[in-house]
Amino acid sequence: MLESLKERLVQVAKQAEKDGLCKYKSGNFSIRDENTNYILITPSGAKRDDLDANSIIVVNIDGEIIENKTNYKPSSELQMHLMAYKNREDINGVCHTHSLFATVFAVIPMEIKPIVFEAMAYGVHVPVAKYERPGTKELAESIVEPLKISDACLLEKHGVLTVGNNLEDAYLKMQYVEDVAKIYYHALILDKKIQEIPQREFDKIINL
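Just so we're aligned, residue 1 is where the sequence shown starts under UniProt numbering, counting upward by one.
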C-alpha cells in the first residue's frame, strides 16, 4: 500500500540525518496521500540504518492504524503531525527535527527573525509555539496558531516543525530554517541590535 510514498519518506528521513538535522533516532517525518487522506509516518525508536518502506506506518486522519508491517509504533509525535494536517488542508508533508541552531532559538525561546531574504522560503518569520511536553495533545495544539502565519515554527525547549505542499517542500523549508538560524546566531554575536528585513521589502519581491 502506497509504496512510492513510503520510499520518499524513508529517503527524506535518512537524508535529514546525513545533513545533520537529526541525530540517531530523533526527529520524525510524515506525508499525506491526497487520494485516501491517509498519513504515512516514520516509526518511533527506529535507527535510520534500519529504516525501510516496511517500517513506515499508515494511519487515518484520526490516528487509527491502517497498516503496520512491523512491531514499531508510530512516532510519539503523531498527534502533532495530525494536528498540522487537520488545520492546514494545503499541506501534504510535515518535518520535525531538533536541528542545532534552530533548537538554540527554541530553547531561549526566541523567534527566528527574517534577517536574510531566504526567510521567504517558509513565510518570513519562524514563531515559537509555547512549551508543552513532547508527545502530548497539548503540544499538538500549540502549533495551530503559529502555523497560521508561517510554514515553520519552533517548539519551545524542543525543536522545529515545518510543513509543505509535499514532503520534499517541507524538508527544503527545514533546511532553510536551519541556515537562517545559523546566520542569525552568528550575527547576534557580532551585533545584538541586528535589524530584521522589513515586511515591505519582502512584499516588493513577492509582487514583482
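The beta carbon of each residue, even a glycine, is placed where N, CA and C say it ideally should be.
Asked: 4-residue-minimum alpha helix (DSSP H) runs that sit fully inside the segment 92-145, ordered along the chain; Found: 100-107, 137-142
Asked: Secondary structure of N37, DSSP reduced to three states; Found: coil
Asked: Contacts around S75, its chain only, beta-carbon distance under 6 Å, and the 5 residues preceding and following it disregarded; Found: N28, I41, T42, S44
Asked: Which of helix, strand or coil DSSP assigns to N166; Found: coil
Asked: Segment contact, 8 Å Cβ cut-off, at least three pairs: the segment 179-197 with the segment 127-134; Found: no
Asked: Spatial distance of V144 from L154 (CA atoms); Found: 12 Å
Asked: Residue range of the unbroken alpha helix (DSSP H) whose run includes A152; Found: Element bounds for A152: not the alpha helix (DSSP H) but the beta strand (DSSP E), 152-155.
Asked: Segment contact flag, the segment 18-37 with the segment 160-178, C-beta cutoff 8 Å, min 3 pairs; Found: yes
Asked: Reference T162; option with closest CA among N54, R88, I197, D191; Found: R88
Asked: Beta-carbon proximity of A140 to Q199, cut-off 7 Å; Found: no
Asked: Those residues which DSSP pairs with L161 across a bridge; Found: H96, C153
Asked: Reduced DSSP category for N71 - H, G, I as helix; E, B as strand; rest coil; Found: coil
Asked: Sheet register partners of residue 273 (DSSP bridge); Found: The chain is shown from 1 up to 208; residue 273 falls before or after that span and cannot be answered.
Asked: Those residues which DSSP pairs with I57 across a bridge; Found: I41
Asked: Buried or exposed by the 16-neighbour rule on C-beta atoms within 10 Å, applied to residue 220; Found: Within the shown structure, residues of the chain are numbered from 1 to 208, placing residue 220 beyond reach of any answer.
Asked: Local Cβ density within 10 Å of N35, reported as buried at 16 or more and exposed below that; Found: exposed
Asked: Environment of G93 [buried if 16+ CB atoms lie within 10 Å]; Found: buried
Asked: Whether K157 touches V116 by CB criterion (7 Å); Found: no
Asked: Coarse secondary structure for N207, derived from DSSP in three states; Found: coil
Asked: Rounded C-alpha distance that separates L167 from F105; Found: 24 Å
Asked: Closest Cα partner of Y72 within the set I61, Y85, L51; Found: L51
Asked: Where the alpha helix (DSSP H) through R8 begins and ends; Found: 3-18
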